[in-house]
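Here's the structure, in structure tokens; my notes come after.
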Amino acid sequence: HFGESDADEDGFFVDTDKPDTQISVDQLAELEQSMHNIIKQDLSTKVVFLSADEAAQVAGDDPYQQELVKENEVDGKVKFFQIGDFKSIA
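As structure tokens, then:
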């Protein structure tokens, strides 16, 4: 489950709630490699606006994402960042 994310003075953060464990320092190198692999794919990035219903479908069964959809809905639309096929609430 993913909660809010943002950039800060240390870089960026993503609130998570993994059932088994949180991400540890030991996993950062693997995460960094995954990020480099995504960058190498040279995927298109854009901002998209989805209807509240579409946004709820993207959020799936993640309760934090569903809450963010509700909190970020403006005039029936929710702003997302899209990288390739992946969408994240802006």
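Those letters in the sequence shown? Residues 740 to 829, by the numbering used here. Built from N, CA and C at the ideal position, the CB exists for glycine as well. Remember, it's a predicted structure, so these values are computed and weren't measured experimentally.
Closest by C-alpha distance to residue i, when choosing among the options
i	options	result
residue 786	763, 800, 747, 819	819
residue 790	802, 750, 768, 809	809
Closer than 7 Å: residue i CB and nearest the ligand HEM heavy atom
i	result
residue 792	With respect to the ligand HEM, the structure offers nothing, as it holds no ligand at all.
For residue j and residue i, the rounded distance between their alpha carbons
i	j	result
residue 745	residue 753	7 Å
residue 814	residue 788	11 Å
residue 779	residue 816	31 Å
residue 793	residue 827	12 Å
residue 773	residue 799	23 Å
Where residue i falls: helix, strand or coil (DSSP)
i	result
residue 768	helix
residue 782	coil
residue 747	strand
Cβ-Cβ separation, residue j to residue i (assumed contact under 8 Å), whole Å
i	j	result
residue 756	residue 803	7 Å
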